Amino acid sequence: MKRMVVRWHIVIMIILIAGVMSYTGTRRLDIDMDVTRSLPADDPVISDAGYVMTHHPVKDRIVIDLGSSRPDVDALVEGASLVERRLAASGLFRSVGLEEYRDVFPSLIAHIMKSLPVLFSAHDLEDKVAPLLQPARVREALAENYAQLLDLEGIGQANMMAADPLGLKNLVLARMAHLAPSQNVRIVQGHLVSADGKHVLVTAEPKDSATDTTVARKIASLVRDCAAELDATFTPRGGKLTLTPVGAYRAALDNEETAKRDTRMAVVFATIGISILLLIGFPRPLLG
């Protein structure tokens, strides 16, 4: 009888050890979300497609929508500025917001003004530029420039007006209107605000691939912290900003969690099933 008790203790220990090892194995699962690694690398089409996806600027971009139940542009801009500061301070992103584009825009304007003679076709010169050279139109353009110089809007614009008094650069910029994110978006203090004043978008470019789940988890944690800080800042004022993030990082995390959950369930059920079969199939439980 004593010998049987000892044997059952051994069986229980073996079961516990097997359970701990199985649990540890499922917790250490690492899911690789880069499916392109399983594709044939010597295929030129797949290789070129992989290169495009690796270097595509939108692939890893994070877009965060800050929404308000009522039109409140000031609160939205303040909230967007708070989120941008937190994202920039995290060190996870190479660029946040429209800062990168704001830095490029003055250079674009300068390049257009230097290249105006070659930016118009003969048809454009006759149809669009010639009417601006009429005396009445010239006087009107000069009056508008003078009015702007007397207003805050004209600060720092004197050199640009002197180089292009008729505003020919605006004709070139009009061709680029399709590059704007949306026709229903306005820029307020460097932020993209919806026409109804209830939403503002914050964009960010991660330094590393957003499909790397290690990076994705850091981004998700940072976004949760930003949402909590927004609640703590604006709820006492009687307002509430809803933060909704989208991007490849969220898809990578969801896919990893789904795969891990399914794999854990499969391992657990398989372990239980095999244990039951071994215990039933052998006359001695210890041998099973």
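Read in this note's numbering, the sequence shown has 51 at position 69, and its numbers run on one by one without any break. Just so you know, even glycine gets a beta-carbon here, dropped at the ideal spot from N, CA and C. Predicted model, so just to flag it, every value in this text is computed and none were measured.
Within 9 angstroms, strictly: CB atoms of residue i and residue j
{"i": "L90", "j": "L150", "result": "no"}
{"i": "R43", "j": "A234", "result": "no"}
{"i": "R68", "j": "D207", "result": "yes"}
{"i": "G79", "j": "H173", "result": "yes"}
{"i": "V111", "j": "L153", "result": "yes"}
{"i": "E187", "j": "S77", "result": "yes"}
{"i": "F87", "j": "K189", "result": "no"}
{"i": "S257", "j": "A0", "result": "yes"}
{"i": "M95", "j": "A145", "result": "yes"}
{"i": "S4", "j": "T253", "result": "yes"}
{"i": "L114", "j": "E211", "result": "no"}
DSSP-derived helix/strand/coil call for residue i
{"i": "T253", "result": "helix"}
{"i": "G7", "result": "helix"}
{"i": "L148", "result": "coil"}
{"i": "S77", "result": "strand"}
{"i": "P26", "result": "helix"}
{"i": "T193", "result": "coil"}
{"i": "L259", "result": "helix"}
{"i": "A186", "result": "strand"}
{"i": "D244", "result": "helix"}
{"i": "D56", "result": "helix"}
{"i": "G172", "result": "coil"}
{"i": "S51", "result": "coil"}
Residue i, buried or exposed, once every other Cβ within 10 Å from all chains shown has been counted against 16
{"i": "G7", "result": "exposed"}
{"i": "V120", "result": "exposed"}
{"i": "N127", "result": "buried"}
{"i": "E60", "result": "buried"}
{"i": "T195", "result": "buried"}
{"i": "L58", "result": "buried"}
Close beta carbons around residue i, own chain, < 7 angstroms, minus the five adjacent residues each side
{"i": "V228", "result": "V45"}
{"i": "D47", "result": "H181, L183, T226"}
{"i": "A198", "result": "A192, Y231, A234, L235"}
{"i": "F102", "result": "V111"}
{"i": "A62", "result": "L48, H173, V182, V184"}
{"i": "P53", "result": "D178, G179, K180"}
{"i": "K200", "result": "L74"}
Proximal residues to residue i (C-beta, below 8 angstroms), its chain only, five neighbours per side dropped
{"i": "K222", "result": "S50, S51, D213, F216"}
{"i": "L124", "result": "P147"}
{"i": "A209", "result": "L225"}
{"i": "I(-3)", "result": "S257"}
CB contact below 9 angstroms: residue i versus chain C
{"i": "D190", "result": "Of the chains in the structure shown, none is chain C; there is only one protein chain."}
Contacts around residue i, its chain only, beta-carbon distance under 6 angstroms, and the 5 residues preceding and following it disregarded
{"i": "Y33", "result": "none"}
request  = Please specify which runs of the alpha helix (DSSP H), each continuous and at least 4 residues long, are wholly inside the stretch 209 to 235, giving them in chain order.
outcome  = none
TODO: Run through the stretch 84 to 149 for me and flag every whole alpha helix (DSSP H) of 4 or more residues, listed as ranges in chain order.
DONE: 117 to 131, 140 to 145
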